[in-house]
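Heads up, the thing below is written out as structure tokens.
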Amino acid sequence: MEGANLRGCNFEDPSGLRTNLEGVNLKGACLESSNMAGVYLRVANYKDANMKNCNLRAAILALADLERCNLPGSDLQEENLKDVELVLMVTPLHMSQALR
1 MEGANLRGCN FEDPSGLRTN LEGVNLKGAC LESSNMAGVY LRVANYKDAN MKNCNLRAAI
61 LALADLERCN LPGSDLQEEN LKDVELVLMV TPLHMSQALR
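First residue of the sequence shown? That's 1 in my numbering, and the numbers climb one at a time after it.
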């Protein structure tokens with residue numbers, strides 16, 4: 001799915017279970033304004049991805065690659081960022097939105 005246009009997609013599972021996108025390759029993908037709340041994104045590749053204004057509340061991003069990922073306006077509250085690769089992000093987390 002490298003380079004895919006998934007703008008405005010809703011990845012939230014209506015059953016209440018976590019959608020599992022572990023290890024997915026979304027390098028350079030457009031995910032702008034997508035709802036990824038609670039999604040399991042462990043070990044995924046989002047290098048150079050556009051994730052502007054995404055709802056990532058309570059998503060699991062452990063070991064994900066967010067290098068040069070664009071995250072302004074994204075909701076990262078309750079985020080699990082354990083061992084996430086944040087090198088050279090277009091918009092550093094401290095400039096995007098405060099974590100709570």
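Quick reminder that beta carbons are idealized off the backbone N, C-alpha and C, glycines included.
- By the Cβ-count criterion, G3 is exposed, with fewer than 16 other Cβ atoms from all chains shown falling within 10 Å of its own Cβ.
- The secondary-structure analysis by DSSP pairs N10 across a beta bridge with N35.
- Of R57, K27 and L71, the smallest CA-CA separation from N5 is found for K27.
- Leaving aside the five residues that flank S74 on each side, the residues in its chain whose CB is nearer than 8 Å to its CB run, in chain order, M51, K52, N53, C54, N55, L56, S96 and Q97.
- Pairing G38 with R68, the inter-Cα distance amounts to about 22 Å.
- A direct Cα-to-Cα measurement between F11 and M36 gives close to 5 Å.
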